[in-house]
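See structure below.
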Amino acid sequence: MPAAKSSAPKATVRRDAADQDTEHLRAGIQSVEVGFELLNALSQAPGALMLRDLAAAAGMSAAKAHRYLVSFQRMGLVAQDPVSTRYDLGPAALRLGLASLSRLDAVKLARDRVPALLHETGHTLAIAVWGNQGPTMVHWAEAPQTVPVTLRLGDVMPLLTSATGRCFAAFMGQDGPDAQRVGPMVREELARVKKMPRSGVPLVDVPQTLQDVQAIMEETRTQGLGRVVHSLLPGVGGFCAPVFDAQGRLALGLVVLGSVATLDTGWSGAPAQALRRCAQQLSADLGYRVQP
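The sequence shown begins at -1 in the numbering used here and counts up one residue at a time.
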């Protein structure tokens, strides 16, 4: 009997110790989450911040923020300018960011989003990247009960008569080395379009002049989407949304297309809005930040 009595307190002590460990663990996790708000505020800011501004952005007092910043400085996550006393992200934060970016696979991230977007739009989806000859289809997912579209993986899309091509031409062809590649390709394709026979079902919204092309590019940039209606194939419409990487380069195009009888081809329609949201989130996941 005495032995049985002595075992109960030991069990209680063990439970109390476990409870204390749990409480410490909860406090530690909460502390990390609170401190991360400072790092998150710095990552969202256009530049270095004064202590009071950084604390306000993170939703805490300056004294509390300073305690976290002292530890972050020791770890290299934050650096303080000795002259201006402003805080900014440090070398350790840069190393973490670069390591994360180097492991990102844009196409894989996009493919992971396709099932949900397919369910939301109810129309065929595709992913395109820039290849040696132009925007190339690298992934395809057909929605059930949709009109089949005769496109295949590996197909290179025209720059002027496909939503994908218009998206790439508009967002790659503004400046820099990409513009030097896209510009000649657009002019060559325009020359071919002018020579196309006019027999059969007429296509619409097909540019005939460089002025037409410029108007299409401006509309694409303004709307944030490439769009075609009857331009590539009679009775078919589609959109392509740009996905950008951390350097602001076009990483891929996210495409939705289908029969104009069932696909809402309006700029503010549900498919267009869903595609924009998905592309913007993918861009953010790849490290892209919209410039003010």
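We put the beta carbon where it would ideally sit given N, CA and C, even for glycine.
Query: Meets three-Cβ-pair contact criterion under 8 angstroms: the region 119 to 135 and the region 261 to 276; Result: yes
Query: Where H137 falls: helix, strand or coil (DSSP); Result: strand
Query: Outcome for A282 when other beta-carbon atoms lying within 10 angstroms are tallied against a minimum of 16; Result: exposed
Query: Cβ-based neighbour list, K3, same chain, cut-off 6 angstroms, excluding 5 preceding and 5 following; Result: The pLDDT assigned to K3 is 47, lower than 50, so where the model puts this residue is not dependable, and the model offers no usable value.
Query: Nearest-angstrom beta carbon gap, G251 and P133 [assumed within contact, 8 angstroms]; Result: 6 angstroms
Query: DSSP state of V202 mapped onto helix, strand, coil; Result: coil
Query: Buried or exposed by the 16-neighbour rule on C-beta atoms within 10 Å, applied to A213; Result: exposed
Query: Residue range of the unbroken beta strand (DSSP E) whose run includes G224; Result: G224 to V227
Query: Residues sharing a beta bridge with L188, DSSP; Result: Paired residue(s): none; L188 is not in a bridge.
Query: Validate contact between the region 73 to 86 and the region 219 to 231 using beta carbons, cut 8 angstroms, 3 pairs; Result: no
Query: Length of the line joining the Cα atoms of D176 and V191; Result: 22 angstroms
Query: 6 angstroms CB neighbourhood of A168 in its chain, flanking five on each side removed; Result: M215, T218 and R219
Query: Bridge partners - S257, DSSP secondary structure assignment; Result: V234
Query: Three-state secondary structure (DSSP) of D110; Result: helix
Query: Through-space distance from G224 to L273, alpha-carbon basis; Result: 11 angstroms
Query: Straight-line gap, A108 to A61 (C-alpha atoms, nearest Å); Result: 42 angstroms
Query: Euclidean distance between Cα positions of L248 and V127; Result: 9 angstroms
Query: Nearest-angstrom Cα separation, counted from L116 out to D110; Result: 11 angstroms
Query: V241 burial status per 10 Å Cβ neighbour count (16 or more: buried); Result: buried
Query: Under 9 angstroms between C-beta atoms of D210 and V226; Result: no
Query: Nearest-angstrom beta carbon gap, L157 and R150 [assumed within contact, 8 angstroms]; Result: In fact, because the Cβ distance is near 19 angstroms, the residues do not count as touching under 8 angstroms.
Query: Cross-strand partners of Q78 (DSSP beta bridge); Result: Y85
Query: Separation of V258 from G129, as counted between CA atoms; Result: 28 angstroms
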